[in-house]
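Right, one structure below, let's go through it.
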Amino acid sequence: MLKKICAYPGCTEIVDIGQRYCTKHQKIYEEKRKQDRKERDKEYKKNRQDIEEQKFYKSREWELVRDAAIVRDKALCRLCLHEGKIAFAEVVHHIVPIKERWDLRYDLSNLVCLCDACHNRVHKLYKQDKEKYFQLMEEIKKE
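Position one of the sequence shown corresponds to residue 795 (the numbering used here), numbered consecutively onward.
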């Protein structure tokens with residue numbers, strides 16, 4: 795197997811091609827990434843203007859509807875299942891964003907369980923091509 799030097803500055807450990815860091819520096823990299831994300835999330839939450847949405851996501855009513863979606867989807871990511879994979883859901887996603895249709899915020903048929911990776915993918919798709927996004931959401935809802 796081909797080898798290379800760890801990408802961490804100053805490290806001379808040899809790692810397999812396909813790995814970026816040695817075991818020691820991989821842990822450091824992951825911790826830094828986790829910390830950076832926490833800081834970005836904290837900053838984002840601090841500067842949010844949508845107070846109504848923030849209250850909604852902390853409400854008892856939302857917790858009940860979210861839990862119902864998790865039970866319905868057996869706590870599995872619907873998009874992964876659609877693609878023939880199995881992953882636990884980490885997010886209950888509003889298919890039609892509540893910014894666009896506030897009246898659908900408690901509608902179980904407007905919710906789908908997703909893993910973090912798929913949640914990021916569908917948000918990206920929504921921004922790029924809403925038609926494809928809604929088509930995909932309809933497909934995974936049927937299964």
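Idealized CB from N, CA, C, for every residue including glycine.
Item, Value
"Per DSSP, the bridge partner or partners of residue 901", "According to DSSP, residue 901 bridges with nothing at all."
"Paired residues, beta bridge with residue 868 - DSSP", "According to DSSP, residue 868 bridges with nothing at all."
"Closest Cα partner of residue 905 within the set 894, 889, 893", "889"
"Own chain, CB closer than 8 Å to residue 927, minus 5 neighbours either side, in chain order", "916, 919, 920"
"Status (buried if at least 16 other CB within 10 Å, exposed otherwise) for residue 931", "buried"
"Cβ separation of residue 885 and residue 864, assumed to be a contact under 8 Å, to the nearest whole Å", "Wrong, their Cβ atoms sit about 10 Å apart, outside the cutoff."
"Cβ distance (whole Å) where residue 907 is taken to contact residue 869 below 8 Å", "7 Å"
"Secondary structure of residue 889, DSSP reduced to three states", "coil"
"Counterpart residues of residue 907 in DSSP-defined beta bridges", "886"
"Where residue 831 falls, given that 16 or more other Cβ within 10 Å makes a residue buried", "exposed"
"Among 810, 902, 816, 811, nearest to residue 804 - alpha-carbon criterion", "816"
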